[in-house]
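For the sequence shown, the residue numbers in full-length UniProt numbering are 1 to 325. Glycine included, each C-beta is placed from N, C-alpha and C at the ideal position. These numbers come from a predicted model, not from an experiment. Reading through the structure tokens given below for one structure.
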Amino acid sequence: MSFPTHRPRRLRQTPALRRMVAETRLHPAELILPAFVREGLTEPQPIQAMPGVVQHSMDTLRRAAAEAAELGLGGIMLFGVPEERDAEGSACLDPHGILNAGIRAVREEVGDSLVVMSDVCLDEFTDHGHCGVLDAQGRVDNDATLEIYGQMAVAQAEAGAHVLGPSGMMDGQVAVIRQALDAAGRQDVSVLAYAAKYASAFYGPFREAVDSQLQGDRRTYQMDAANRREALLEVELDLEEGADMVMVKPAMSYLDILADVSAMSPVPVAAYQISGEYSMIEAAAANGWIDRKASILESVLGIRRAGANLVLTYWAPEIARWIKE
Ligand code: PBG
């Protein structure tokens, strides 16, 4: 009998061998925790569709940020849920509005020990739930929205955000935000562009997380799941416009996009493991159908392996604790 020349199994024999040859590792510093803060709450409010995730009060948001810093997470991405909404989403410009107040509180709490990021998008602030303002025909008006994004970005920078995350998929949003920041003397604030953001059914649970008022869908501005090449165009445009980092979103159904972007991007690449990706694993685990911890770690490892330098995930604190164990 002839023996196999190559035996890949050899390097899989012991945990120490497997650990030594692992090509991808998880580290808390590359994990970013998305967090919701809701106006008027005194107690955190559980999000039914995302077991384990809450809408924070200002108080518990501070605590979550302090914990994130202690765990050595890379950053926190803040979303605000306002009490009052209108057609223009005007609460987003109020320096004391919920998101800007949340940014200020978190910065007070963590200083520079955690990267404080915030969502530049109108959907949480508009009464119609779209990511931009509407024209007379009810269509999302790209350029009128850009003007507001520019002002919103400056308000968030003034509140203390280190990094801004424009997630509305308006054409030209990175350029407008960069120019507005620079004109306001905030050359120091970075832009993490949601460059390739797809219209996804997996955003479902997020709608509850931010009490979204959306009727219809976002298919006139978010990308079509059928398209791969177009992601490269979106990333190239955002780089030309001055993006410091680029994002692919969602993550798990878009690992090919992540690999493509990772291969061509000269700047750090982030991936957002979104609400539906979280809830699917939690639901299956709650039913005893999959091993929760192993599934979570495998999902995030896969996203990193596909090429993400940074991963936004609701499990960031828990993963960081597991890594430390
Ligand atoms: C829009 C925004 C969305 C998410 C982050 N930013 C929702 C959407 O585009 O419909 C989704 C995040 C998640 O599902 O976890 N501001």
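(request) Would you identify the three-state DSSP class for Ala272, choosing helix, strand or coil? (result) Here residue 272 is Tyr; the residue named in the question, Ala, does not match the sequence. Residue state, collapsed to three classes: strand.
(message) For the beta strand (DSSP E) containing Ile32, name the first residue and the last one.
(response) 31 to 38
(message) Between Ala87, Asp112, Ile103, which has its C-alpha nearest Asp59's C-alpha?
(response) Ile103
(message) Any heavy atom of ligand 1 inside 7 Å of the beta-carbon of Ser275?
(response) yes
(message) I'd like the list of long-range same chain contacts for Leu11, defined as Cβ closer than 6 Å, with 5 residues on each side in sequence excluded.
(response) Leu17, Val21
(request) Answer yes or no: do Pro268 and Met245 have a C-beta to C-beta separation smaller than 8 Å? (result) yes
(request) List the endpoints of the continuous alpha helix (DSSP H) containing Phe206. (result) 204 to 209
(message) To the nearest angstrom, how far is the alpha carbon of Ser295 from that of Ala225?
(response) 24 Å
(request) Could you please give me the residues that DSSP links to Pro46 through a beta bridge? (result) Val54
(request) Express the C-alpha separation of Glu241 and Leu233 in angstroms, rounding to a whole number. (result) 12 Å
(request) Have a look at Glu158, Gly150, Ala195, Phe206 and flag the residue whose alpha-carbon is nearest the alpha-carbon of Gln179. (result) Gly150
(message) What residue range does the beta strand (DSSP E) around Ala195 cover?
(response) 190 to 197
(request) Could you check how far apart the C-beta atoms of Leu146 and Met169 are, in whole angstroms? I think they sit under 8 Å. (result) Going by Cβ atoms, the distance from Leu146 to Met169 rounds to 12 Å, so no, they are not a contact pair.
(message) For Phe3 and Arg9, I'd like the C-alpha separation in whole angstroms.
(response) 14 Å
(request) Determine the closest residue to Tyr272 out of Glu30, Arg25, Ser113, Met1, with distance taken between C-alpha atoms. (result) Glu30
(message) I want to check one thing, is the minimum distance from the CB of Phe36 to the heavy atoms of ligand 1 below 7 Å?
(response) no
(message) Whole angstroms are fine: how far does the CA of Ala136 sit from the CA of Ala306?
(response) 43 Å
(request) For Thr126, count neighbouring C-beta atoms within 10 Å of its own C-beta (all shown protein chains included) and say buried if the count is 16 or more, exposed if not. (result) buried
(message) Please confirm whether Phe202 has its beta-carbon closer than 8 Å to some beta-carbon of chain D.
(response) Among the chains of the structure shown, chain D does not appear; only one protein chain is present.
(request) Select from Arg218, Ile274, Ser212 the residue whose C-alpha is nearest the C-alpha of Ala199. (result) Arg218
(message) For ligand 1, is there any heavy atom lying closer than 7 Å to the beta carbon of Arg7?
(response) no
(request) Keeping to the same chain, check which residues put their C-beta closer than 7 Å to that of Leu93; ignore five residues upstream and five downstream. (result) Gln151, Met152, Ala155
(message) Applying the 10 Å Cβ sphere with the 16-neighbour rule, what's the burial state of Ala283?
(response) exposed
(request) Give the C-beta separation of Glu39 and Val106 to the nearest angstrom, bearing in mind that I take them to be a contact with Cβ-Cβ under 8 Å. (result) Rounded, the Cβ-Cβ distance is 15 Å, inconsistent with contact.
(request) Kindly provide the ranges of any beta strand (DSSP E) runs that are 3 or more residues long and lie completely inside the segment 54 to 106, ordered along the chain. (result) 54 to 56, 75 to 81
(message) So, with DSSP's three-state summary, where would you put Leu233?
(response) helix
(request) Rounded to whole angstroms, what's the CA-CA distance from Asp211 to Gly138? Just pull it up for me. (result) 21 Å
(request) Work out the CA separation of Leu310 and Ala263 for me, nearest whole Å. (result) 15 Å
(message) Please determine whether the Cβ atom of Ser167 lies at a distance below 7 Å from any heavy atom of ligand 1.
(response) yes
(request) Please go through the same chain and pick out, in chain order, the residues whose beta-carbon is closer than 8 Å to the beta-carbon of Leu26, but skip the five residues on each side of it. (result) Leu297, Val300, Leu301, Arg304, Ile319, Ile323
(message) For Leu128, count the other beta carbons within 10 Å of its own beta carbon; 16 or more makes it buried, fewer makes it exposed. Which is it?
(response) A small correction: the amino acid at residue 128 is His; Leu does not occupy that position in the sequence shown. Classification of His128: buried, given that the 10 Å Cβ count is 16 or more.
(request) Hey, could you find the ends of the beta strand (DSSP E) Met247 is sitting in? (result) 245 to 249
(message) I want to check one thing, is the minimum distance from the CB of Tyr198 to the heavy atoms of ligand 2 below 7 Å?
(response) This structure simply doesn't include ligand 2; it includes ligand 1 instead.
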